[in-house]
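This report refers to the structure that appears directly beneath it.
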Amino acid sequence: MQRYFVPNDQMSDKQVTIKGDDASHITRVMRMQPGQSIVCINQKQRVVLCMLESVDSTEVSASIKEEQSVQTELPIEVTIAQALPKGDKFDLIVQKGTELGASGFLPFSAARSIVKWDAKKSAKKIERLEKIAKEAAEQSYRMKLPVIYPNASTKQVIETFHEYTACLILAEEQAKAGETSILAHQLTNMKPGDKLLVLIGPEGGFSEDEIVLFEQAGAKACGLGPRILRTETASLAVLAAISYHFELMR
Numbered sequence: 001m002q003r004y005f006v007p008n009d010q011m012s013d014k015q016v017t018i019k020g021d022d023a024s025h026i027t028r029v030m031r032m033q034p035g036q037s038i039v040c041i042n043q044k045q046r047v048v049l050c051m052l053e054s055v056d057s058t059e060v061s062a063s064i065k066e067e068q069s070v071q072t073e074l075p076i077e078v079t080i081a082q083a084l085p086k087g088d089k090f091d092l093i094v095q096k097g098t099e100l101g102a103s104g105f106l107p108f109s110a111a112r113s114i115v116k117w118d119a120k121k122s123a124k125k126i127e128r129l130e131k132i133a134k135e136a137a138e139q140s141y142r143m144k145l146p147v148i149y150p151n152a153s154t155k156q157v158i159e160t161f162h163e164y165t166a167c168l169i170l171a172e173e174q175a176k177a178g179e180t181s182i183l184a185h186q187l188t189n190m191k192p193g194d195k196l197l198v199l200i201g202p203e204g205g206f207s208e209d210e211i212v213l214f215e216q217a218g219a220k221a222c223g224l225g226p227r228i229l230r231t232e233t234a235s236l237a238v239l240a241a242i243s244y245h246f247e248l249m250r
């Protein structure tokens, strides 16, 4: 069944109004008609089963038929601080990371980042990533949309450390050295509602100076096993490990 995120002010006690691209999607792509059902989620994570009443390419109206009680979010909030990768890799990171439960994505310029986002490019990129995240969240039955944060510098990323319960650096050297316990130890010590920031380097990895700065600010470097992962794979691997720890290992 199709799912759509709507702002709080478009969901009342008994009605939901859908506008813009989603209204166009319902009418022109899905070709839905009055009487058919959809699921809507607002910003307060209220999930409702709705029946379409009026359908138009600019606005769709639906009546709420049933409240739904579901929980599809990771028990902890995971933000991926991703150093800017080349090409369209960030699209993949956000799409698959959203499906795996990430609560936010923080793009930043690392020392070895080849790609640079100026103000104009950054705004367009973030708008595109927000759309990708929304579509992935709807497809994967998420309860909320991940946040796409503005592009930051390494210094600005470090300044956010105090907002998190823990900060981890996915470090190539730790993987090469066979480090396997820090991630598991950190997850074991976290409880539902805690916040985790995961720092991932660009194609060339983090510089030694960056890792020192991160560690001095309180982050811990860890490995993800003996294999060296590409930058676009690392976030997916750590999110899968987090899901296994909190949702499957029972």
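FYI, the numbering for the sequence shown is 1 to 250, going by the working numbering. Beta carbons: idealized from backbone N, C-alpha and C, even for Gly. Fair warning: this is a prediction, and the values are worked out from it, not measured in the lab.
*Could you give the DSSP three-state label for I148: helix, strand or coil?*
strand
*Select from R230, S57 and I114 the residue whose C-alpha is nearest the C-alpha of D21.*
S57
*In chain order, each alpha helix (DSSP H) run of at least 4 residues that lies wholly inside the segment 49-133*: 89-99
*Helix, strand or coil: which one does DSSP assign to K228?*
In the sequence on display, residue 228 carries Ile and not Lys. Coil at I228, not helix or strand.
*Going straight from the alpha carbon of P85 to that of K65, what length do you get?*
45 Å
*Helix, strand or coil: how does DSSP classify Q33 here?*
coil
*Taking the alpha carbon of Q2 as the point to measure from, which residue in E247, K121, V29 and Q15 has its own alpha carbon closest?*
V29
*Using DSSP bridges, identify the partner residues of K220.*
L168
*Would you check if there are 3 or more beta carbon pairs closer than 8 Å linking the segment 181-191 to the segment 128-142?*
no
*Stretch-stretch touch, CB-based, cutoff 8 Å, three pairs: the segment 228-235 with the segment 107-115*: no
_Going by beta-carbon coordinates alone, are E163 and K195 separated by less than 8 Å?_
yes
*Provide the residue(s) that pair with I38 in DSSP beta bridges, ordered along the chain.*
C50
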